[in-house]
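Going by my numbering, the sequence shown opens with residue 1, and the numbers climb by one from there. To keep things clear, I will list the structure first and then write my remarks on it.
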Amino acid sequence: MSEQTGERETGPRDVGPPPGYPSGWAADVILADGGTAHIRPILPSDGPRLLAFWERLSERSIYLRFFGVRRGLSQADVDRFTIVDQSVRGALVALIGGEMVALAHWEGTPAPTAAAPTAPAPVAPTPAGAFPAGEAAVGDARGGPPPVRPAPAAEVAFLVEDAQQGRGLGSVLLEHLAAAAWERGIRRFDADVLAENQQMIRVFLDAGYKVSRTWDSGAVRLSFDIAPTERSVDVMRAREHHAEAASIGRLLRPRSVAVIGASRRNGATGNAVLRNLLAGGFDGPVYPVNPAAAAGPGAVSSVRAFAGVEDVDGPVDLAVLCVPPPQVAEAVEACGRHGVRGLVVITDLRDHPVEETLASTARAAGMRVVGPASLGIQCPAVGLNASLTAQMPPPGRIGCYSQSGPLGAAMLGAAEARGLGLSMFVSAGDRADISGNDMLQYWEDDPATDVALLHLETFGNPRKFARLARRVGRCTPVVVVRVRRSQLDAALLRQAGVIAVDRVSAGFDVAQLLANQPLPRGRRVTVVGDSRALVRLTVEAAEAGGLEVESVLLRLGSDPELFTEAMLAAAETSDALMVTVAPLPPLPVEPLATAVADVAAGLDIPVLAGVLGGTRIPELGTVPAYASPEGAVAALRRVVSYAGWRWRPRGGGPAGPAPAPGGRAAGRGGRLDDAQSAALLGCYGVSVEPMIQVGSEDAAVAAAHRLGWPAVLKVRSGPYQHRPDLGGQRLDLPDEAAMRAAWASLRELVGPDVPLVTQRMAPAGVVVVVGSEEHPRYGPLVSFGLAGPATDLLGDRAYHILPLTDVDAERLVGAVRAAPLLSGYHGSEPVDVAALRELLLRVARLADDLPDVARLVLDPVIVSGDRVTVLSAEVMAGRPPRRADAGPRRYWTAPMTVGEAAPAR
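Here is the structure:
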């Protein structure tokens, strides 16, 4: 593995990158058909790869690229392609299995010397499709002289191997090339394309940029600004979705499977996987790979054995690895050479060196990986049980994903105990590659999955998870089992519409309701039953859960017809029905269960059954049954909340024009001074009430005359800052005499050396704190709370991970326990909550635009009857971090692997 380029040295040996080589541009990517490739900046040592690539090109491809036929490449041609400064001239290559399969490059000109700035200048916010902030610093860590600044426009061209065309290489290379060129200062691409080369023209036109076209002598000149647009980001994410979904589809619906390490010994891992594959009913060929068996009896479990996967005389779509850790690396490479499309690694590689390179080695060869330490995968609809357990539920509507093998087994057991079917089951194990995000991409379009149930120990990419869960959840409910949830975890799940539970059983309680019943329209529920005690328990649980409850108590031992009449009548005024089923021996329960199922089938509201003792009653059909009133109510309450989120308007951003470019303080670090902070916030429409530091009594009076009366004199340092209860401020000073008296009293309190400031008095109102920060895992987020030590001590602060809409802002304000103070608590005057929401939206836009704003605190903010007044702003700038869900399509690895940083206070 090359440390600098991130690829396995299966092709010509690299001599190492030159100084200043931008290794941060390297990325593994998923192609349109679900395969994978490795993209990186070209190296001077890529000459042999380039020549081999050229030999595989057809004359037609060469003609379309160079507008004529070229017989070969001279050494000068090779040097021209491979020796670039990645600034004025830049190039990226795509590799599969170590071979170059595509080349993209730009040719620019140096910027005029006079145009070079003498000092860092403010720059526009980093576009969503550019490389994540901070990437350049990582990429140029090898040092060397700074690159020559290019002119703002450059010529661009692409060349893709014939056998790889149609897989989306041109599109993904354009994304990465544009992001790299933007980082170097290029702002426009120009491309000359033969008019007959419609495939290449479509690559540019379909990318989402605003492209201008001119025609000349059979060629088309395409020109476009490379700053990502809303449409280009949408196009990129749509392609990401289809590519990642396709990669999962290849794993779950293979045409053939090989078990590498298929042992002949009963109880061995490889033997169990092979037997489960054969018993599951998979109708494709299954190939046991066992060198000893191939050399001896020639079979494992009566199936012909092969010495190696490359000896299989046919294609292999999926390989299940059950070999000892030292043999995994060679097995992966052999699979890559044979063209295997996906791997399930059962072997536990913990603390073994091969774990670090497993995913990159597989992806470089075009494969995706489930595991290591995976329990396996199942797709009941096609009889695929490539797992360690013989327990495979029937086909159903619930998709399951687990990061834990034991909890994955618990999921399968829970599904079987309830008689539920699964559309698929994936055990990620140590999650070297396939993650919950990939599964969400697949489930969004999967017609076989109505509910997504995931067990997550960690979020690999929380920002992307939130984006995907929010989108998928609009049509497919997402249920997450997560035992320990931090404050930010809870915020992320809540705002993405995810139904969060802390037990597998609770997850299936919710999933079986969602998979089998319509969503409730509201919170009204009617409990129907003939057991006074059971009805009362259910009603009390529902009321405690915040539901609006009515009850219908029938005579004990009522016949099914009475239940039918009661259910139909109650359905007229209810959003859900809960029926208690408590059979009274010797009366049979089956007729009552059949009646409940028949009524439920004709209603458009959900029906739940509480079955005393939890006995499975097949006659209930698709009516979910619960062993306790509390379990049924908890499931319904969660589904009611989800339905409310799903039908809630999505909202929009802040009113008014977008912020003016140039608000970012390039080159600054640490805390900005008051003037810099006010200027930055002013670009986003946030005004900070000016203040003047004063060193004498006369200066305080003069400042108040300048700012306006009534005025404030206050201490702005030490324990007195943001602590009005300590007496470090004098408010509502109407005139000069009051100011002089305030000066004397404050000097007596704090002494002669503590700085004082004067500010115009703000209208009376509720004092709040608004903030933002750049979190290392969750990205930019905003926070809100009422000001004061009691709020800090009680932790009454709400957080929202961006993006933030006006609907989100309304929920954020209402999420704190002290929110009633804003709407006229105990007779007080209501304040301008709309203006507060607008302030939150503007702070959120600033935080989203400017990753170099590490922390922003507006404290205090006075929310009065008709406005918000920001009295103080603190802005901390820092080196922009690498954002998880920004930039062109690429695999992303979290910078923090253990624990997580808490949000700043």
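Positions of the beta carbon are idealized from the N, C-alpha and C atoms, including for glycine. Since we're looking at a predicted model, the values are computed, not measured.
Note down, in chain order, each residue of its chain lying with its Cβ closer than 7 Å to the Cβ of residue i, except the 5 sequence neighbours on either side.
i: residue 445; result: 245
i: residue 866; result: 832
i: residue 390; result: 276 and 279
i: residue 703; result: 692, 694 and 758
By the three-class DSSP mapping on this structure, what secondary structure does residue i have?
i: residue 911; result: Outside the displayed span of the chain (1 to 905) sits residue 911, for which this structure offers no information.
i: residue 626; result: strand
i: residue 731; result: strand
i: residue 106; result: strand
i: residue 402; result: strand
i: residue 859; result: strand
i: residue 529; result: strand
i: residue 36; result: strand
i: residue 96; result: strand
i: residue 573; result: coil
i: residue 603; result: coil
i: residue 396; result: strand
i: residue 348; result: coil
i: residue 19; result: coil
i: residue 290; result: coil
i: residue 266; result: coil
i: residue 378; result: strand
i: residue 598; result: helix
i: residue 619; result: helix
i: residue 341; result: coil
i: residue 890; result: coil
i: residue 578; result: strand
i: residue 585; result: coil
How should residue i be labelled, buried or exposed, when 16 other C-beta atoms within 10 angstroms of its C-beta is the threshold for buried?
i: residue 215; result: exposed
i: residue 826; result: exposed
i: residue 715; result: buried
i: residue 483; result: exposed
i: residue 212; result: exposed
i: residue 541; result: buried
i: residue 82; result: buried
i: residue 773; result: buried
i: residue 72; result: exposed
i: residue 86; result: buried
i: residue 675; result: exposed
i: residue 652; result: exposed
i: residue 800; result: buried
i: residue 66; result: exposed
i: residue 69; result: exposed
How would you write the range of the alpha helix (DSSP H) that residue i sits in, first residue to last?
i: residue 428; result: Run containing residue 428: none; DSSP gives neither H nor E here.
i: residue 462; result: 462 to 472
i: residue 910; result: Nothing can be reported for residue 910, as the shown portion of the chain is limited to 1 through 905.
i: residue 780; result: Element bounds for residue 780: not the alpha helix (DSSP H) but the beta strand (DSSP E), 779 to 786.
i: residue 364; result: 354 to 364
Tell me which same chain residues have a C-beta within less than 8 Å of the C-beta of residue i, skipping the five on either side of it?
i: residue 92; result: 25, 39, 40, 41, 42, 103, 104, 105, 173, 176, 177 and 180
i: residue 860; result: 722, 767, 768, 769, 787, 871 and 872
i: residue 247; result: 30, 34, 35, 36, 342, 368 and 438
i: residue 782; result: 770, 771, 772, 799, 800, 802, 804, 812, 840, 843, 844 and 847
Note down, in chain order, each residue of its chain lying with its Cβ closer than 6 Å to the Cβ of residue i, except the 5 sequence neighbours on either side.
i: residue 284; result: 255 and 256
i: residue 349; result: 325, 355 and 372
i: residue 155; result: 107 and 190
i: residue 643; result: 519 and 520
i: residue 27; result: 39 and 890
i: residue 775; result: 781
What are the start and end residues of the beta strand (DSSP E) that includes residue i?
i: residue 321; result: 318 to 321
i: residue 370; result: 368 to 370
i: residue 797; result: 797 to 801
Closest Cβ-Cβ distance between residue i and chain B: below 8 Å?
i: residue 298; result: Of the protein chains in the structure, only one exists, and it is not chain B.
>> I'd like the ranges of any alpha helix (DSSP H) spanning at least 4 consecutive residues and lying wholly in the segment 195 to 249.
In response: Scanning the segment 195 to 249 for uninterrupted alpha helix (DSSP H) segments of 4 residues or longer gives 198 to 205, listed from N- to C-terminal end.
> Enumerated in chain order, which unbroken segments of the beta strand (DSSP E) with a length of 3 residues or greater are wholly contained in the segment 674 to 730?
Replying inline: With a minimum length of 3 residues, the continuous beta strand (DSSP E) runs that stay inside the segment 674 to 730 are 691 to 694 and 711 to 715.
>> Give the list of continuous alpha helix (DSSP H) stretches no shorter than 4 residues that lie fully inside the segment 474 to 559.
In response: Counting whole runs of 4 or more residues, the segment 474 to 559 contains the alpha helix (DSSP H) stretches 487 to 495, 504 to 516 and 532 to 544.
> At what residue ranges does the segment 820 to 886 contain a whole run of the alpha helix (DSSP H), taking only runs of 4 or more?
Replying inline: Fully contained in the segment 820 to 886 are the following alpha helix (DSSP H) runs of length 4 or more, in chain order: 833 to 849.
> Which parts of the segment 28 to 86 are runs of the beta strand (DSSP E), unbroken and 3 residues or longer, counting only runs that do not cross its ends?
Replying inline: Those beta strand (DSSP E) runs which fall completely within the segment 28 to 86 and span 3+ residues are 36 to 41.
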